[in-house]
Amino acid sequence: MRVPALIALVLGSFPSLGLAATDKPPLLTGESLPRLPQRLVEMALEALKAPDWLVSLASFATAAGTVVAVFLSAFALLSLIERKTLARAQNRLGPNRAGIFGILQPVADGIKMLTKEDIVPTKAEWFLHLVAPVMIVIPSILALGVIPYGREWLPVPLELGLVFFFATGTMTEVAVFIAGWASGSKFPMLGAMRAISQMISYELPLIISALSVVMLSGTLSLADIVAAQSGYHLGFIPAWNILTPWGFVAGIIFLIAANAESNRCPFDLPEGESEIVAGHMTEYSGFKYALFFMGEYLGLFAISGLGITLFLGGWQAPLPGLGFVPSWFWFFGKLAAIIFFFLWVRTTFPRVRVDQLMRFAWLCLIPIALLTLPVAALWHFTANPDGSNGVLSWLLCSAILAVPFIIITVIFNRRLAPSLRTYHYAE
Amino acid sequence: MVPLLLLSPLILLAALGAVWKARPVHAALLLALALALVAVLYLSVGAEFIGLVQFMVYVGGVAILIVFALLITRPGDEAAEVARRPRSLALGLVCVAPVLGILLYAVSKGLPVAAFEDANPKLPVQALGTELFENAVPAVLTVGVLLTAVLIGAALFAREPGPKSELPADR
Chain A
1 MRVPALIALV
11 LGSFPSLGLA
21 ATDKPPLLTG
31 ESLPRLPQRL
41 VEMALEALKA
51 PDWLVSLASF
61 ATAAGTVVAV
71 FLSAFALLSL
81 IERKTLARAQ
91 NRLGPNRAGI
101 FGILQPVADG
111 IKMLTKEDIV
121 PTKAEWFLHL
131 VAPVMIVIPS
141 ILALGVIPYG
151 REWLPVPLEL
161 GLVFFFATGT
171 MTEVAVFIAG
181 WASGSKFPML
191 GAMRAISQMI
201 SYELPLIISA
211 LSVVMLSGTL
221 SLADIVAAQS
231 GYHLGFIPAW
241 NILTPWGFVA
251 GIIFLIAANA
261 ESNRCPFDLP
271 EGESEIVAGH
281 MTEYSGFKYA
291 LFFMGEYLGL
301 FAISGLGITL
311 FLGGWQAPLP
321 GLGFVPSWFW
331 FFGKLAAIIF
341 FFLWVRTTFP
351 RVRVDQLMRF
361 AWLCLIPIAL
371 LTLPVAALWH
381 FTANPDGSNG
391 VLSWLLCSAI
401 LAVPFIIITV
411 IFNRRLAPSL
421 RTYHYAE
Chain Y
1001 MVPLLLLSPL
1011 ILLAALGAVW
1021 KARPVHAALL
1031 LALALALVAV
1041 LYLSVGAEFI
1051 GLVQFMVYVG
1061 GVAILIVFAL
1071 LITRPGDEAA
1081 EVARRPRSLA
1091 LGLVCVAPVL
1101 GILLYAVSKG
1111 LPVAAFEDAN
1121 PKLPVQALGT
1131 ELFENAVPAV
1141 LTVGVLLTAV
1151 LIGAALFARE
1161 PGPKSELPAD
1171 R
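If you read the protein sequences in the order shown, they are chains A and Y. Reminder that position 315 of the first sequence reads as 315 in the working numbering, one-by-one numbering, no gaps. Numbers given in the working numbering equal positions in the second sequence, counted from 1, plus 1000.
Quick look at the structure:
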């Protein structure tokens, strides 16, 4: 069998790949600007009379390349912005030597990481040690592929977008374990164990809070979930899920769990530098170390994008009459706001302890997340025929969520959380 | 057919490696690889839901649990494991042969393979959900109860006997 035919057969046998957006939007509008590279490649190949499988492969690769390029630039930018924001919060200047305002700092960091010596410890398993950083980056990039960034810009319109997103997330856990185990040293192993237990614990509230959205939208496709949040109540309040009682609670739980899933402060125990050096990344250097950071930041973008899609109306404009602004602008505006919120949290809260981390997930987040499911059902069944909800429905749903929340937090504070930190072994 | 031909040798190799490797963590990782490749096989025949769920449950759940269990229990002696190998191999073959025979018989007799070639296997997720949670609700609920019972039983068995841990309560 000839090779092109083989590629075409393999491609054709993955129906999800054939789903890559094939509609033809107008070429040069603000709305379809992110699709421009893909369309140009398609048109060039069609003009060259290229075979169909090559056109679809190249179109697919360009669509993927656009997303990766956008988010890698965002990663470079964020690494600078994060350091600048942290510096501002800590009354320092931050990086200011490379270029004006330190704008070239990401470039300098990249060159530094690339030229560093790549060390593989003697006790490490070199193959698994090499595989782990790659396996960290892949799921984050895969997850970025199914998020609708704009009206015209959805790289892979999967019917099961949400399931796909969470399925890729599970790969990260395996990768973190491999990284910790293959390093052949105790700090990475401890860090990996912490990371996996944290990820498993916080994946539950994350998925359960997303389920309430799935229940009321009646679909697992992320594009349809965004479409279900279109329109405005009373002419100006956007019909986003976060502006309902169940959506508000589920959204906050999602935000906290997303923060913990991406191992960011105050949930950065897996790599707590004052406790276990750098967790599962301890024995890595050079570009492999950079890959871990890349995976972490891309994962942060992906999970924030999912939160925006589920609760903040995706690419929908916050007010009516703003339709002239390209929809992807709103998506990235919301993304910037959420990322800034994460930075703010990072500068504000101290790191939690392992027992506090686990109690918070299992005794506080998961029960309340479970409660959002029946409340979402109640919200659905007490809705008026036109889909809006009356005052009674609002009060009832809010009360059902608020009362257990107050009870749980009171119990949490009184009985479970330690009132005073005691040191058992270092008195 | 092409993905099947490409993937099945890999799945077989990974599965054999999972049984053959003396170091338990390697075996667990190879098992995860085999399960992930099976998920890819599902995806390649258009069964997206089962493929993604296979990935989530088996790679994300089961494999991680196995790895956890390996790490918190005492590892066995690798040399002894290798020495036991001929006997384990014979025992394993004795156990596997009847199952394989039954499977091969069933496949050769029961399944009209050609009938699946032209049928459209793409099932909307909504139809799948309706089938599972409306028509097959008793079975789903039974499985749920069974799994809950297993979970409680496992917790009971795994509980440490004797007095509670020495660590003073944190208050």
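In this text, a Cβ means the ideal position worked out from N, Cα and C, and glycines have one as well.
Query                                                                                                                         : Result
Neighbouring residues, chain A, relative to Y:F1049 (Cβ below 8 Å)                                                            : L160, V163
Interface residues of chain Y facing A:A177 [CB-CB closer than 8 Å]                                                           : It should be pointed out that residue 177 of chain A corresponds to Phe in this sequence rather than to Ala. Those within 8 Å of A:F177 in chain Y are I1064, V1067.
Nearest neighbour of A:Y297, chosen from A:I256, A:W330, A:F342 [CA to CA]                                                    : A:F342
Chain-order list of residues whose beta-carbon lies under 6 Å from that of Y:L1029 (same chain, five-residue window excluded) : none
Short CB-CB distance (under 8 Å) between Y:F1133 and chain A                                                                  : no
Three-state secondary structure (DSSP) of A:Y284                                                                              : coil
Closer than 7 Å at the beta carbon, the chain Y residues around A:A167                                                        : L1052, F1055, M1056
Chain A within 8 Å of Y:G1060, Cβ atoms only                                                                                  : yes
Check whether A:L216 and A:A376 have beta carbons under 8 Å apart                                                             : yes
Members of the region 1015-1036 of chain Y near chain A, C-beta cut-off 9 Å                                                   : V1025, H1026, L1029, A1032, A1036
Same chain only: Cβ atoms within 7 Å of A:G65, ignoring 5 sequence neighbours per side                                        : none
Proximal residues of chain A, C-beta to C-beta of Y:V1137 below 7 Å                                                           : The premise fails here: Y:V1137 is roughly 17 Å from chain A at the closest Cβ pair, so nothing lies under 7 Å.
Integer-rounded CB distance, given that A:E152 should sit under 8 Å from A:S221                                               : Going by Cβ atoms, the distance from A:S221 to A:E152 rounds to 16 Å, so no, they are not a contact pair.
Top-ranked residue by Cα proximity to A:T347, from A:A47, A:R83, A:L72, A:L40                                                 : A:R83
Cross-strand partners of A:A383 (DSSP beta bridge)                                                                            : A:N389
Residue from A:S304, A:V41, A:K49, A:A74 with nearest C-alpha to A:A58                                                        : A:V41
Rounded separation between A:K186 and A:S262 - CA only                                                                        : 22 Å
DSSP-derived helix/strand/coil call for A:M1                                                                                  : Note that A:M1 scores 40 on pLDDT, short of 50, meaning its location in the model is unreliable and no value can be drawn from it.
6 Å Cβ shell around A:W330 - same chain, five flanking residues per side excluded                                             : W315, A317
Bridge-paired residues (DSSP) for A:H233                                                                                      : A:I237
Y:V1045 versus A:G145 - alpha carbon distance                                                                                 : 21 Å
Expected contact under 8 Å - CB spacing of A:S140 and A:A260 to nearest Å                                                     : Wrong, their Cβ atoms sit about 16 Å apart, outside the cutoff.
Contact residues within the region 209-229 of chain A, judged by C-beta distance below 7 Å to chain Y                         : L220
Neighbour flag for A:W240 against chain Y, beta carbons, 8 Å                                                                  : no
Alpha helix (DSSP H) runs wholly inside the region 1021-1064 of chain Y, at least 4 long, in chain order                      : 1024-1044, 1048-1054
Host alpha helix (DSSP H) of A:D268 (start-end)                                                                               : Neither: A:D268 is in no alpha helix (DSSP H) and is coded neither H nor E.
Contacting residues, own chain, Cβ-Cβ under 7 Å from A:L319 (five flanking each side not counted)                             : F236
Where A:V174 meets chain Y, residues with beta-carbon distance less than 9 Å                                                  : L1029, A1032, A1036, V1059, G1060, A1063, I1064, V1067
Cβ neighbours of A:R92 in the same chain (closer than 7 Å, five flanking residues each side left out)                         : none
Neighbouring residues, chain A, relative to Y:V1125 (Cβ below 7 Å)                                                            : E159, L160, L220
Proximity test, Cβ basis, 8 Å: Y:L1013 and chain A                                                                            : no
Three-pair Cβ contact test at 8 Å for the region 1024-1041 of chain Y versus the region 1061-1073 of chain Y                  : yes
Residue-level contact to chain Y via CB, A:T309, 8 Å cutoff                                                                   : no
Simplified DSSP state of A:V410, which is helix, strand or coil                                                               : helix
C-alpha gap between A:N241 and A:I256, whole angstroms                                                                        : 17 Å
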